[in-house]
Structures are given as structure tokens and as C-alpha cells.
Amino acid sequence: MPNFPIIDTHLHVWDQTRLKYSAFDGHKLFGHPYHVEDYQRDCGKLQIEAMVFLECYADFWEGVGQYIEEIEFVEDEKKRDPRIKAIIPMAPVEWGKKVDSVLSIMKERHPLVHGIRRIMEFDKDPRALTLSAAFIEGVNCLEKFGYSFDINPNYTQMDIIREFVPKISSNVPLILDHCGKPGIAQGALSQFRDDLRDLARYKNMWVKLSDLPPYAGPQWTREQLFPYIAATIDIFGPERVIYAGDYPILLQSTTMEEWVDVLDEAFAKLGLTEKETHMIYRDNAINFYKLSL
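Here the working numbering is used: the first residue of the sequence shown is 1280, the next is one more, and so on.
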């Protein structure tokens, strides 16, 4: 366990009494609210200095969504835990330049918003969505607002991301969530390395080291995860790798404390310096998400 407070760049909290999340309907683990108090409890002995909230795929419809309502919910959570230092909501970047109307409200009224995520993984046609002219135009609109963009595919969709990233302005910081959800159980290490090498060529591209156990299968082992952790750090360098917890999603496979322990062991095996460890657990988060601590 790190001997210094760390920054968690991927916190989810939600409440089905305030917003609609059809994706969680009937789910044994996720079909009920999670609040900051649950997070505080489940962090155990971890020292968390700050958190970044990531949108939770709240329902959206043609031309409308719960974008602002989710921000307001998290602002209420922050009143009970001021360590929430940034909010990364969903925004309909697929609207192209019309997304400016939503982004302008966020910028003017919600200073905690530091970036945007629009998940493409679960769309009926992820390729058509992500590579559409409107989606690309919408993501490029983030530049004038000073916002970053979180990318959330799985390993079978990484070819789409490799086409998408070169089309985005180098002034829009990009980050790959959960290392692109690699096919660990499928033994797709070679593909993983190829995908990361391609994306690492773009200096505005970062990677979030988070929640790998689910992709190794229900009986995952540390030995399975290590090559993927090692490849991530080797290819992107400690300067562009950022730790995250992915609470409460990681509860499917592990705990907050165990995930950090897995990374501690991997960092030790890799011989990371104290400075490099600080980068991954804290400093890079401040730089990428523009946190004020």
C-alpha cells in the first residue's frame, strides 16, 4: 500500500431514485444506489487524497439526456465529501457542433466539469458512431472548452480507436479507460501491445491503469495481469499512465485495497522508482485532469 495519499481518477456514484440507469436494472450488485459513504467504507485503509467522478451511463434519448442532472447529483455528493475534485460527465458529442449548447452550460454553471466521456462500447454500431463526422466534430469541440475526453472501448473495438485518435486535435487530451479492457482471458497480449504502441505515438494520448481483473476471468490471478500492467507502463512510460479504482465496478472481481496491492507488487517487480510510483498514483492525475489540490 502506498505510503502517501493517492488520487482515484475513476469513481462512480449513482442513485436510481434521482436518475434512470437502465443498464443496471435487475443487476444484483449494481441495481441499487452507491454514494460517497459506500466508497469511503470500501476504500478500507487506502489513503485517498482526491477523486475524479466518471459518468455512469445514465439513460439518454434522441436529442436529450440526463447530462446536467448527473452533474448536479455529483455536486451534492461533493458536499459530503469534498475530495471529489473533478466531474467527467457524458455529453452528446455525436451532435457535432450542436454539442456546444450543452458544453457551454457545463462550462458556465459547473466548474467541476473538467472533461467529457461518451461511451461508444455499448452502441448498436460502435464503428459507425465513433468514426462518424459528427462524433469526431463533437470531440474536437472540446478543445475550446479546455476539456479532455475519456475513451471507453473493449479490446474487440480497439481497431476503431486506432482510426479515431488521429482524427482528434492534438490539443484535446485523450485517455484510454481501463487499458482498453484487454482480452486477458483470451490471451490477447500481442494485440494489446500492438494497440498500445499505435496509440502511444500520439502525445495527447494517456492510459488509465484500472480494474483489469474482470477481463482475466472469474478465477483471475496476478500472474495473468502482470504482463498487461508491464506492457502498459513500458509502452506509455510512467509519465502517461494514471491509476484508477473504477469503484464500484471493480467489486465484481476484487476490492479497492486488493487492486492497489496488485499494482504495488507489479511496480516493485518492474523496479519503478519512488518518483515514477508517485507519477502513476498521483502526479499524472493532477496534470491530466487539471486538478487543484
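Cβ atoms here follow ideal geometry from the backbone N, Cα and C, with glycine treated the same way.
* To do: Measure the CB-CB distance between K1364 and L1570 and report whether it falls below 7 Å.
  => yes
* To do: Measure from the alpha carbon of Y1318 to the alpha carbon of each residue in N1282, E1348, Y1300, R1362, then state which is nearest.
  => R1362
* Asked: What residue range is occupied by the uninterrupted beta strand (DSSP E) comprising W1485?
  -> 1484-1488
* **Y1507 burial status per 10 Å Cβ neighbour count (16 or more: buried)** => buried
* To do: Give me whichever residues DSSP pairs with A1329 in a beta bridge.
  => I1286
* Asked: Can you give the Cα-Cα distance for S1489 and D1438, rounded to whole angstroms?
  -> 21 Å
* To do: Buried or exposed for W1340, please, with buried defined as at least 16 other CB atoms from any protein chain shown within 10 angstroms of its CB.
  => exposed
* To do: Compare the beta carbon distance of I1285 and Y1560 with 7 Å and say whether it is the shorter of the two.
  => yes
* To do: Less than 8 Å between the CB atoms is what I'm expecting for D1402 and L1410, so what's the real figure, rounded?
  => Not really, about 12 Å apart at Cβ, beyond 8 Å.
* Determine the DSSP secondary structure at S1383, reduced to helix, strand or coil. => helix
* Asked: Where do the N-terminal and C-terminal ends of the alpha helix (DSSP H) with F1515 fall, by residue?
  -> 1501-1515
* Rounded separation between H1314 and K1358 - CA only -> 12 Å
* Touching by the beta-carbon criterion (3+ pairs, under 8 Å), the stretch 1469-1483 and the stretch 1492-1502 -> no
* To do: Over the uninterrupted beta strand (DSSP E) stretch that includes L1455, give me the two end residues.
  => 1453-1455
* Since R1396 and E1334 are thought to touch, with beta carbons under 8 Å apart, how far apart are those beta carbons, to the nearest angstrom? -> 5 Å
* Excluding five sequence neighbours on each side, which residues of the same chain lie with their C-beta closer than 8 Å to the C-beta of F1471? -> Y1434, C1458, G1459, P1461, G1462, Y1507, A1510
* To the nearest angstrom, how far is it from the Cα of E1316 to the Cα of V1486? -> 28 Å
* Count the other C-beta atoms from every protein chain shown that fall within 10 angstroms of the C-beta of M1280, then say buried if there are 16 or more, exposed otherwise. => exposed
* Asked: So the alpha helix (DSSP H) S1469 belongs to, where does it begin and stop?
  -> 1468-1479
* Asked: With a cut-off of 7 Å, does the C-beta of H1306 fall near any C-beta of chain B?
  -> Looking for chain B here will not work: only one protein chain is present.
* **Neighbourhood of L1549 by C-beta, 7 Å cutoff - its chain only, sequence neighbours within 5 removed** => A1509, I1512
* Just curious, the alpha helix (DSSP H) that G1417 is in, first and last residue? -> 1412-1419
* If you follow the alpha helix (DSSP H) that F1428 is part of, which residue opens it and which one closes it? -> Note, F1428: premise wrong, no alpha helix (DSSP H); beta strand (DSSP E) at 1427-1430.
* Grab the span of the alpha helix (DSSP H) containing Y1346 for me, first residue to last. => 1346-1359
* Cβ-Cβ distance between G1344 and V1372 below 7 Å -> no
* Straight-line gap, D1360 to I1327 (C-alpha atoms, nearest Å) -> 11 Å
* Neighbourhood of A1618 by C-beta, 6 Å cutoff - its chain only, sequence neighbours within 5 removed -> The chain is shown only over 1280 to 1572; residue 1618 falls outside these bounds and no answer can be derived.
* Taking all protein chains shown into account, do 16 or more other C-beta atoms lie within 10 angstroms of the C-beta of H1306, making it buried, or fewer, making it exposed? -> exposed
* Going by beta carbon distance, what residues of the same chain come within less than 6 Å of G1375, once the five residues before and after it are set aside? -> A1413, E1416, G1417
* To do: Please work out which residues of its chain come closer than 7 Å, Cβ to Cβ, to Q1298, disregarding the five sequence neighbours upstream and downstream, and give them in chain order.
  => In the sequence under discussion, the amino acid at residue 1298 is Leu, which differs from the Gln named in the question. For L1298, where only same-chain residues beyond five positions count, the Cβ hits under 7 Å are A1337, Q1345, E1348, E1349, F1352.
* Please classify Q1436: is it buried, with 16 or more other beta-carbons within 10 angstroms of its beta-carbon, or exposed? => buried
* Nearest neighbour of L1491, chosen from M1484, A1523, L1391 [CA to CA] -> A1523
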